[in-house]
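Protein chains in written order, with the numbering used here: chain E, 1 to 136; chain P, 137 to 227.
Rendered as structure tokens:
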């Protein structure tokens with residue numbers, strides 16, 4: 001049972017890492033949830049189920065290797081749970097424009113120092129604005 | 137759109153081999169107009185944008201928006217394309 005437990009927990013963590021490294025790949029078993037779900041419940045359920053199996057296994061017969069595996073699973077599961085349920089949440093905020101509102105006017109330069117304004121950029125042509133947190 | 141200066145955006149665009157326009161708003165003027173300034177959120181204490189996606193039509197009117205209450209979550213490409221198709225059909 002400890003092997004099933006380890007397979008669930010480390011397999012799920014592996015899928016998360018594989019998906020983070022390939023965000024544009026087709027969703028793998030729906031586990032690309034880290035960037036597409038507000039709370040990735042499926043990932044959490046797999047991790048928690050794995051840990052529960054591990055606890056069951058250790059309770060039935062305690063050996064030190066099993067305890068060590070369970071300990072590692074517990075720490076990693078706790079870290080992922082803390083990150084997706086608490087740390088990655090933003091303070092409350094609301095976009096000031098909704099469908100039907102005019103987009104605010106601006107005059108900003110792009111990466112080639114070319115000046116853009118809402119008048120020049122969007123009148124006559126639709127535009128998709130993606131606000132991201134920056135490159136670091 | 138980010139608060140990165142043009143030279144940082146230029147490096148990013150080159151690394152991604154992207155031909156999109158990377159607008160630079162170091163003062164956060166547009167962030168304030170849209171209510172998406174996340175104060176002191178960068179490692180060095182600078183302000184950055186809350187993630188958001190806004191589709192604007194040819195008349196400068198907002199037609200579709202996406203925002204998330206976590207910084208992990210992004211608009212799904214299929215949702216963005218669906219909004220663009222809907223915009224295309226209505227115009």
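Cβ coordinates follow ideal geometry from the N, Cα and C atoms, glycine included.
Could you work out which residue in E:73, E:36, E:18 is closest to residue 3 (chain E) when comparing CA atoms only? Closest by alpha carbon: E:73.
Under the criterion of a Cβ to heavy atom distance below 6 Å, does residue 143 (chain P) qualify as lining the ligand GDP? In the structure shown, the ligand GDP is absent, as is every other ligand, since no ligand is present at all.
Alpha carbons only, please: which of E:17, E:128, E:133 is nearest the one belonging to residue 118 (chain E)? Of the candidates E:17, E:128, E:133, the one whose C-alpha sits nearest the C-alpha of residue 118 (chain E) is E:128.
Just curious, the alpha helix (DSSP H) that residue 64 (chain E) is in, first and last residue? In this chain, the alpha helix (DSSP H) harbouring residue 64 (chain E) covers 64-82.
Determine whether the Cβ of residue 164 (chain P) lies closer than 7 Å to any Cβ atom of chain E. Chain E, which has no Cβ nearer than 7 Å to the Cβ of residue 164 (chain P), makes this no.
Simplified DSSP state of residue 6 (chain E), which is helix, strand or coil: DSSP places residue 6 (chain E) in the helix class (H, G or I) of the three-state scheme.
Compute the distance between the beta-carbons of residue 106 (chain E) and residue 138 (chain P), then report whether it is under 7 Å. Their beta carbons are not under 7 Å apart, which means residue 106 (chain E) does not touch residue 138 (chain P) by this criterion.
Could you tell me the distance, in whole angstroms, from the CA atom of residue 206 (chain P) to the CA atom of residue 145 (chain P)? Distance between the alpha carbons of residue 206 (chain P) and residue 145 (chain P) is about 23 Å.
Whether residue 108 (chain E) touches residue 161 (chain P) by CB criterion (7 Å): Result yes, Cβ atoms of residue 108 (chain E) and residue 161 (chain P) sit closer than 7 Å.
Classify residue 209 (chain P) as buried or exposed, calling it buried when 16 or more other Cβ atoms lie within 10 Å of its own Cβ. Burial is judged here by how many other beta carbons sit within 10 angstroms of a residue's own beta carbon; residue 209 (chain P) has at least 16 and is buried.
CB of residue 157 (chain P) within 7 Å of CB of residue 135 (chain E), strictly: No, they are not a contact pair.
Looking only at its own chain, which residues have a Cβ that is under 7 Å from the Cβ of residue 33 (chain E), when we skip the five neighbours before and after it? Same-chain partners within the cutoff: 40, 42, 43.
Can you name the residues that DSSP bridges to residue 108 (chain E)? In DSSP, residue 108 (chain E) forms a bridge with E:116.
For the alpha helix (DSSP H) holding residue 218 (chain P), just list the boundary residues, first then last. Note, residue 218 (chain P): alpha helix (DSSP H), 213-226.
Should residue 194 (chain P) and residue 125 (chain E) be called a contact, given that it needs their Cβ atoms to be closer than 7 Å? Yes, these two residues count as a Cβ contact at 7 Å.
Between residue 173 (chain P) and residue 167 (chain P), which are expected to be in contact by the criterion C-beta below 8 Å, what is the C-beta distance as a whole number of angstroms? Yes, they are in contact, since the Cβ atoms of residue 173 (chain P) and residue 167 (chain P) sit about 4 Å apart, within 8 Å.
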